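Heads up: the structure comes next, in structure tokens.
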Amino acid sequence: MNPTDRFPRTHLGQFPTALHRAAPWQVDAAAPILLKRDDLTGFGLAGNKVRPLEYLMADAVKCDSNVVVTGGAAGSNFIGACAHAAAAVGLDCEIEVAGEPMDVWPVPLLMAQSTGAVIHFTGLDRSLINEQVEQRAVELAAEGRGPYPVPRGGATAVGGLGFARAAIELHEQCNARGTDPNQVTVVLPVGSGASIAGILAGSDFLGALWKIVGVSVSRNVDQMGGIISDLSTEISELLGRGAPSMANFTIIDAVGSHGQELDENGGLAREQAFRGAGVLLDPTYGVPSYEIISQITRESKDTLVWWLTGGLPGAIESLAVMGNRGSVVAENV
Ligand SMILES: Cc1ncc(COP(=O)(O)O)c(C=O)c1O
């Protein structure tokens with residue numbers, strides 16, 4: 104039995120997401136590369152974020168909440184996805200946004216606005232947003248509302264169940280393809296840590312011996328390692344187990360590798376991934392993980408699973424920032 108089935112879940116995405124070979128891009132790889140397509144989860148542009156939201160929204164409904172409160176940077180994929188998910192289950196949503204209002208709103212913020220979410224620009228640094236979310240929840244409760252606070256990225260034990268479920272999904276897919284899960288290295292980008300913590304908990308439950316490599320884009324490895332260890336333990340406890348083994352887990356520091364806008368190396372990496380593997384990467388999560396994948400595939404004999412997490416809003420926005428490198432033919436001049 105799937106241990107995550109014991110928890111309420113609202114079906115929002117389309118699962119399992121595809122796991123397929125990145126055929127045209129195999130040129131200098133020592134072993135097969137498989138793409139896990141969480142960029143194509145089928146719920147708006149939520150990407151992998153719909154996984155935690157399926158459990159978080161079900162929990163919010165179970166707790167008789169009527170307003171979901173979350174927050175993050177203006178370009179956070181999670182805020183757009185969370186507002187969308189709240190609207191889908193009939194809950195109100197408030198978003199605490201880091202920083203000041205900007206002239207041009209990033210797509211996730213526009214998506215949140217389009218669902219009717221209330222948006223507060225807090226003027227605060229992103230690191231203070233979780234406290235602000237809690238504070239706003241206290242205010243709403245004092246007004247007689249039923250708030251359901253969700254920290255950045257949906258990084259709670261309940262949210263992490265969605266990724267524990269994803270680990271079980273991947274394990275089944277590997278078995279169905281005849282790929283030995285113990286000869287697999289899984290690589291994914293890390294922001295809040297919710298995804299990788301859930302995958303660690305799910306892998307531990309299965310006894311899967313695959314290697315898991317996290318590419319940390321916003322916190323240094325010491326800080327991130329502590330967050331992942333705590334969160335994966337909480338998720339494992341929900342699954343009725345103790346702290347998961349970290350023996351096969353590595354975290355790589357990619358903090359500040361590109362940020363919202365790509366430098367020249369990042370731009371080239373994005374082009375290679377687009378032409379070679381056919382995937383459009385965002386600057387914050389996708390490109391740094393591609394750069395790590397490119398290093399690992401030259402050395403490792405393991406089948407490599409590259410977890411594509413989404414980020415399509417940022418990917419499309421970054422195309423505009425980089426400008427057009429091709430030739431432009433102006434007609435009717
Ligand atoms: C596209 C994308 N990939 C990866 C991540 C990182 O996931 P997590 O926050 O679960 O570590 C995020 C987080 O916002 C994201 O939007």
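Heads up: the sequence shown begins at 104 in the working numbering, then just goes up one per residue. Just so it is clear, CB atoms sit at the ideal spot from N, CA and C, and this is done for glycine as well. The structure displayed is predicted, hence computed values, not measured ones.
Can you list, in chain order, the residues of its chain whose CB lies under 6 Å from that of residue i, leaving out five sequence neighbours each side?
| i | result |
| --- | --- |
| GLY317 | VAL293, ILE299, ILE354 |
| PRO250 | VAL170, VAL172, ALA240, LEU243, ALA244 |
| PRO416 | LEU148, VAL210, PRO211 |
| PRO284 | HIS274, CYS277, ALA311, TRP313 |
Considering only their Cβ atoms, is the gap separating residue j from residue i smaller than 9 Å?
| i | j | result |
| --- | --- | --- |
| SER179 | PRO204 | no |
| SER421 | ASP366 | no |
| SER319 | VAL358 | yes |
| LYS314 | PHE266 | no |
| VAL253 | GLY262 | yes |
| LYS139 | LEU411 | yes |
| GLY389 | ARG378 | no |
| HIS274 | ALA311 | yes |
| GLY305 | LYS152 | no |
| ILE330 | ALA258 | yes |
| ILE419 | LEU407 | no |
| SER360 | ALA346 | no |
On the CB-based measure, 16 or more other CB atoms within 10 Å of its CB, does residue i come out buried or exposed?
| i | result |
| --- | --- |
| ARG154 | buried |
| SER321 | buried |
| GLN235 | buried |
| LYS404 | exposed |
| ASP206 | exposed |
| HIS114 | exposed |
| SER437 | There is no way to answer for residue 437, as the model of the chain reaches only from 104 to 436. |
| ASN233 | buried |
| ALA423 | exposed |
| LEU137 | buried |
| GLY414 | buried |
| ALA380 | buried |
| ARG124 | exposed |
| ALA161 | buried |
By Cβ distance below 7 Å, which residues in the same chain neighbour residue i in space, the five residues on each side in sequence not counted?
| i | result |
| --- | --- |
| LEU264 | THR107, PHE110, TYR158, GLY301, ILE338, LEU341 |
| LEU227 | ALA201, GLN235 |
| GLN216 | ILE222 |
| ALA184 | GLY147, ALA149, LYS152, VAL153, LEU156 |
| ASP167 | GLY249 |
Identify, in the order they occur along the chain, each residue of the same chain with its Cβ nearer than 8 Å to the Cβ of residue i, setting aside the five sequence neighbours on each side.
| i | result |
| --- | --- |
| ALA260 | LEU334, GLU337, ILE338, GLU340, LEU341 |
| THR218 | ALA186, HIS187, ALA189, ALA190, CYS196 |
| MET104 | none |
| ALA279 | none |
| GLU272 | PHE118, PRO119, THR120 |
Residue i: beta carbon under 8 Å from a heavy atom of ligand 3?
| i | result |
| --- | --- |
| LYS152 | The ligand content of the structure shown is limited to ligand 1, which means ligand 3 is not among them. |
### Query
Which runs of the beta strand (DSSP E), 3 residues or longer, sit entirely within the segment 118 to 188?
122 to 124, 136 to 140, 170 to 175
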